[in-house]
Structures are given as C-alpha cells and as structure tokens.
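Position one of the sequence shown corresponds to residue 0 (numbering that gives the first Met the number 0), numbered consecutively onward. We put the beta carbon where it would ideally sit given N, CA and C, even for glycine. The next block holds one structure in the form of structure tokens; read it before the comments.
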Amino acid sequence: MKKAQPRKIISSIIVFFVIANWIFSGFPQIFNFPPKIQKAQAADISIDTGAAGQWRSLRNLVWTTPLIGYFFYVDGGDADFKYVKTTDGGQTWNAGAEIDDDLTITGAAFDVWYDRWTPGGTGDLIHIWWFETADGDVNYVNLNTASSDTIGSNVIVFNGASAAAGRGVFVSGAKAR
C-alpha cells in the first residue's frame with residue numbers, strides 16, 4: 000500500500016481553505032452568497048405637487064442633474080404647452096413658460112428627449128415634439144439647458160390636416176446615436 004505524500008495532503012488542505020474563504024468572505028465577490036439585503040432609505044427632498052391639479056394628463060420630466068429638473072405639461076387652465084424648472088431637486092418650481100413664442104398653442108400631444116438619454120450622448124439639449132389641435136402640424140424645438148434655457152427655432156416636421164386631443168393621440172421622438 001502506497002503512503003499519501005504529506006506535501007500533497009497539505010496542498011489539498013490549503014486549496015480547500017482558500018476556496019472556502021473566498022466563497023464566504025466575498026473577496027473578490029463572485030457569488031452573491033450570503034445575499035446582500037437592500038435597504039430602503041428616506042428621500043432627501045420632498046417633491047412639491049401643489050400645482051399638480053393644473054396639469055392635464057400629458058406630462059414628461061427630465062432631470063439634467065440631481066437638483067435641476069424640467070417638467071413639461073399641457074396646462075389644464077388654458078391648454079397651453081409649457082414647462083417649469085426646479086433647481087432644488089423639486090422642492091420649488093418656477094412659473095410656467097410657454098414652449099413656443101406665439102403664445103397660442105393648444106396642446107394635443109407632445110414628447111421630449113434629453114441628449115444624455117442616448118447611449119454615449121453628452122449634449123445639453125432637450126428635444127421637444129408636439130402637435131396642437133388647431134392645425135395638426137407636428138412641431139419641433141429644442142431647449143438648450145446649458146445656455147440659460149434658450150428655446151430654438153420652431154420647425155414644422157409634418158404638415159398635418161387636423162388633430163383632436165384624446166385617447167390614442169400621440170407624438171413621439173428620440174435622438175439616435
């Protein structure tokens with residue numbers, strides 16, 4: 000009968016302890032064992048919803064930083080397409096600003112897209128598409144968040160015939176890479 004070599008036994012014991020230590024210590028963690036429990040944390044800021052009753056159902060929110068956000072909506076009072084801005088994480092919002100310069104939009108549907116939502120995107124523009132009930136034209140402008148919230152020139156993307164607000168009425172846009 001052949002005797003086990005002490006060197007081989009010691010090597011096997013060391014390998015066993017290294018593997019066991021690796022699995023249970025998480026260094027480096029390859030397995031989620033034991034599983035880490037995620038904890039819920041309280042929010043740092045309460046978002047103001049006081050004026051929400053003025054806003055109709057269509058709305059979009061764009062956060063450019065953790066504190067700076069833009070909220071796009073169709074005003075429930077005059078049906079104008081507007082946006083408001085916060086610089087304190089949503090605690091307060093400035094007064095609503097019109098998206099176009101003729102102050103006559105009666106918004107039916109809209110969509111927004113922020114440059115940084117595009118993979119690899121680094122721009123500071125919020126792209127805005129909408130159409131209104133008066134003529135059904137699909138319009139486009141951009142809001143430059145790096146340049147004091149300057150709104151670009153209006154471009155008619157599609158010259159429509161007519162439009163009506165309601166279920167199943169949408170416009171959508173996105174920026175590709």
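(1) Who are the near neighbours of L66 in its chain, counting only those whose CB is closer than 7 Å to its CB and skipping five residues on each side?
(2) Between which two residues does the beta strand (DSSP E) containing W128 stretch?
(3) With the cut-off set at 7 Å, would you say G151 and V140 are in Cβ contact?
(4) What distance in whole Å lies between the Cβ atoms of I127 and V137, which are believed to be in contact at a cut-off of 8 Å?
(5) Pop quiz: Y113 and T149 are said to be a contact at Cβ under 8 Å. What is the actual Cβ separation, rounded to whole angstroms?
(6) Might you give, ordered along the chain, the residues of its own chain that have their beta carbon closer than 6 Å to the beta carbon of G95, omitting 5 neighbours on each side?
(7) Counting contacts by CB-CB distance shorter than 7 Å, is V170 in contact with chain D?
(8) Return the chain-ordered list of same chain residues with a C-beta closer than 7 Å to the C-beta of F157, the five sequence neighbours on each side being excluded.
(9) Applying the criterion that 16 or more other CB atoms from any shown protein chain within 10 Å of the CB defines a buried residue, is G52 buried or exposed?
(10) May I ask you to list the residues that DSSP assigns as paired with L60?
(11) Going by C-alpha distance, which of I98, Q90, G119 is nearest A78?
(12) Pull up the distance between the alpha-carbon of A173 and that of V73, whole angstroms please.
(13) Determine the closest residue to I204 out of A145, G119, P5, with distance taken between C-alpha atoms.
(14) Please determine, among F71, A175, V170, the residue with the shortest C-alpha to C-alpha distance to G120.
In short:
(1) T86, D87, G88
(2) 124-131
(3) yes
(4) Incorrect: roughly 11 Å between the Cβ atoms, too far for contact.
(5) Rounded, the Cβ-Cβ distance is 15 Å, inconsistent with contact.
(6) K81, V83
(7) No chain D appears in the structure shown, which is made up of a single protein chain.
(8) D136, V137
(9) Residue placement at G52 is poorly supported in this model, since its pLDDT is 47, which falls under 50; the coordinates are not used for a value here.
(10) F70
(11) I98
(12) 20 Å
(13) Here the chain has residues from 0 to 176 only, and residue 204 is not among them.
(14) A175
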